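Peer 1:
Residue numbers (the numbering used here): 1 to 267.
1. If contacts are defined as beta-carbon pairs under 8 Å, then residue 90 and residue 112 qualify, I think. What distance do you get, rounded to the angstrom?
2. Just the C-alpha distance for residue 83 and residue 74, rounded to the nearest angstrom, thanks.
3. At 4 residues or longer, and completely inside the region 174-235: list those alpha helix (DSSP H) runs for me, N to C.
4. Please report the straight-line C-alpha distance between residue 92 and residue 114, rounded to a whole angstrom.
5. Between residue 129 and residue 247, which are expected to be in contact by the criterion C-beta below 8 Å, what is the C-beta distance as a whole number of angstroms?
6. Starting from residue 163, trace the beta strand (DSSP E) both ways and give me its first and last residue.
7. Using the DSSP secondary-structure output, state which residues sit across from residue 98 in a beta bridge.
8. Along the chain, where does the alpha helix (DSSP H) containing residue 50 start, and where does it finish?
9. Tell me which same chain residues have a C-beta within less than 7 Å of the C-beta of residue 177, skipping the five on either side of it?
10. Tell me whether residue 112 sits in a helix, a strand or coil according to DSSP, three-state version.
11. What's the gap between the Cα of residue 98 and the Cα of residue 56?
12. With 16 as the cutoff for other CB atoms within 10 Å, does residue 218 come out buried or exposed?
The following block contains the structure:
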């Protein structure tokens, strides 16, 4: 069978995994406490995957549990501003400790990115859930972000000819990017109308920004995988790879939405 004829062979497995992802997401966003647990678990798994990618620790399980538990209590007891202050201080302290221990430049680079993503980026999902209209905003940002990935993937499979970043992510094409963002803008308007009750201009801006930002989040994670010589960040999600492989677009999109959305709806 020619490669072109088999380019959709992984789709059934991806769809099956998506069903499990949707179930976990639905349970996680159902209550603020459940969302706090979900975000802390995401940080645990992603920190674990980062640690293995960059070979930061000989045994990454204990450090990953420590980061996750610490984050849970900070998210539960602290407001956003105090949480961010403490998280930056913890990040600096852990980086300084790594430097004093004689860690390699690659390890310091890896743990810096891991802490910034796990402690700073992912908590925005919880803050979105708690701040903007309850469930509506978190459903909007996650669905738009994840389906943007799917749209770009499918548009690239169907129409992709011109590669954008062949040295980093060979499967990314200009046709996939443009087609995916176009459909994402349409989806953003549909979901925005029902979930956010925002106008067409706001919804279109969100769709465009999240589509482009999600692409760069994907490219950024692909770059890190190239630098560390791994194909996938893990094997937690069959057909997708590790959790980082699935969460990569939210690394930029979650903080961007949390801080940008209030500006767009400000009267």
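A virtual CB, placed ideally from N, CA and C, is assigned to each residue, including glycine.
The structure presented is a predicted model; accordingly, all values stated were derived computationally and were not measured.
Peer 2: The answer reads as follows:
1. About 12 Å; that fails the 8 Å criterion.
2. Approximately 6 Å, taken between the alpha carbons.
3. For the region 174-235, the full-length alpha helix (DSSP H) segments reaching 4 residues or more read 174-191, 200-228 along the chain.
4. Spanning the two alpha carbons is a distance of roughly 12 Å.
5. Going by Cβ atoms, the distance from residue 129 to residue 247 rounds to 16 Å, so no, they are not a contact pair.
6. Residues 163-165.
7. Beta-bridge pairing links residue 98 to no other residue.
8. In the DSSP annotation of this structure, the continuous segment of the alpha helix (DSSP H) that includes residue 50 starts and ends at 32-53.
9. Taking residue 177 as the centre and dropping the five residues before and after it, the same chain places the C-beta of 152, 164, 215 closer than 7 Å to its C-beta, in chain order.
10. In the three-state reduction of the DSSP assignment, residue 112 falls in the helix class, which pools H, G and I.
11. Taking the straight line from one Cα to the other gives about 9 Å.
12. So residue 218 ends up on the buried side.
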